[in-house]
Every structure is written in C-alpha cells, then in structure tokens.
Amino acid sequence: MTTDLSKYDANQLPNADVLGRQRYAIVVADWNSEITYAMAQGAIDTFRKHGVPEDNIDVIHVPGAVELTYGAARIMKEERVDAVVVIGCVIQGDTPHFDYVCQSVTQGVATLNVQGKVPVIFSVLTVLNKQQALDRCGGILGNKGIEGAYTAIRMANL
44 MTTDLSKYDA NQLPNADVLG RQRYAIVVAD WNSEITYAMA QGAIDTFRKH GVPEDNIDVI
104 HVPGAVELTY GAARIMKEER VDAVVVIGCV IQGDTPHFDY VCQSVTQGVA TLNVQGKVPV
164 IFSVLTVLNK QQALDRCGGI LGNKGIEGAY TAIRMANL
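First residue of the sequence shown? That's 44 in our numbering, and the numbers climb one at a time after it.
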C-alpha cells in the first residue's frame with residue numbers, strides 16, 4: 044500500500060483573493076538538486092494552484108542544507124514575506140556529518156520560528172538513502188515540497 048501524504052484538504056486554505064496579495068519565499072539547497080529541485084517545483088506549483096501570483100513567489104538558492112537558515116533569515120530581513128519554505132535533502136553517509144548537518148538546520152529553523160517574524164516551514168528530508176528521498180520528492184510518498192507550500196499557506200493565515 045502506498046500513501047501520498049501530499050494530498051490535503053484545499054477547503055482549509057484561504058481564497059485566491061487573499062493568496063493573490065501574499066508573498067512566499069522558497070529557500071532551496073542546491074546539494075542533492077535532483078531531489079530538492081523537484082520539491083521546490085512542487086511548492087511553486089502548489090502556491091500557483093491556489094492563487095499566489097508567480098511574481099509573489101521568490102526562490103532563493105543556497106549551496107547546501109546548513110545554509111538554509113541563513114538564506115531564510117536574509118530573505119525575512121530584506122523582503123516582506125508571509126512565510127518561508129526551506130527545502131533540502133540530507134542523505135546519511137558513513138560519517139557523523141549527517142548528524143551535524145541535520146542538527147544545524149533543525150536548530151536554525153527552530154530559532155527563526157521562535158523569533159516569530161514569519162513562519163519558516165521545514166521541508167528538509169533527512170533520509171537513510173537516495174531511494175527514500177526519491178519516494179518523497181514526487182514518488183510513492185508524495186512530494187514534501189507540496190506539503191511545505193500547503194503548510195506555509197496555513198501558517199501565514201492563522
């Protein structure tokens with residue numbers, strides 16, 4: 044049995060008139076781009092599907108997952124956005140580097156959320172292998188970028 048976690052109740056979202064006035068940012072890591080770019084496209088498509096104009100969606104590229112926090116903080120400081128989605132993919136290897144990267148980005152996003160300026164949505168895959176990532180960027184488990192955009196819209200409109 045497969046479960047597509049990217050399906051959601053669109054009735055929980057505000058109407059297109061509200062969304063047409065809002066701005067969203069996506070900060071995407073270029074590391075593991077096969078995965079992260081598919082997730083970013085899922086987020087963009089979801090924002091557009093619900094009435095966010097393309098000009099109101101900023102996409103910022105950073106080298107890797109550790110840099111997501113800085114990218115999100117910078118966009119929050121420089122532009123008025125209603126929410127930020129950070130998208131990355133960290134695949135476990137043979138060294139503790141995986142743990143350090145995951146801890147860094149998790150703490151960074153948590154710190155930004157505690158500051159309370161705008162919601163920062165954690166769409167960072169932390170997986171054991173590439174197949175698990177592929178399953179979550181448009182595969183049998185949906186697209187976590189779609190879920191990130193949906194969550195961003197909900198949080199921006201609390």
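For glycine and all other residues, C-beta sits at the position ideal for the given N, C-alpha and C.
Could you check which residue in N75, H104, L56 has the C-alpha nearest to that of H201? First, the amino acid is wrong: residue 201 is Leu here, not His. L56 is the residue among N75, H104, L56 whose C-alpha sits nearest the C-alpha of L201.
Span of the beta strand (DSSP E) around T169: Looking at the DSSP string, the run of the beta strand (DSSP E) that includes T169 is 163-170.
Assigned exposure category for A176 - 16 Cβ within 10 Å defines buried: Result: buried.
Go through its chain and collect everything with a Cβ distance to I118's Cβ below 7 Å, but skip five positions before and after it. Within the same chain, I118 has close Cβ partners A68, V70, D101, I103, V124, V127.
I need the DSSP call for V133, collapsed to helix, strand or coil. In this structure, V133 counts as strand in the three-state DSSP scheme.
Once DSSP output is grouped into helix, strand and coil, what is the label at H104? The answer is strand: DSSP assigns H104 an E or B state.
Check this for me: beta carbons of V163 and V133, under 9 Å apart or not? Against a cut-off of 9 Å, the Cβ pair of V133 and V163 comes out as no contact.
In whole angstroms, what is the alpha-carbon distance linking N54 and I87? Approximately 19 Å between the Cα atoms of the pair.
Alpha carbon of R197 to alpha carbon of Q135, nearest angstrom: CA-to-CA, the gap between R197 and Q135 works out to about 31 Å.
To the nearest angstrom, how far is it from the Cα of D73 to the Cα of T79? Rounded to whole angstroms, D73 to T79 spans 7 Å at the Cα level.
Euclidean distance between Cα positions of G151 and G114: Put simply, the backbone Cα of G151 is about 11 Å away from that of G114.
Please list, in chain order, all residues of the same chain as P106 whose beta carbon is under 6 Å from its beta carbon, the five residues on each side excluded. Cβ neighbours of P106 within its own chain (closer than 6 Å, five residues either side excluded): D73.
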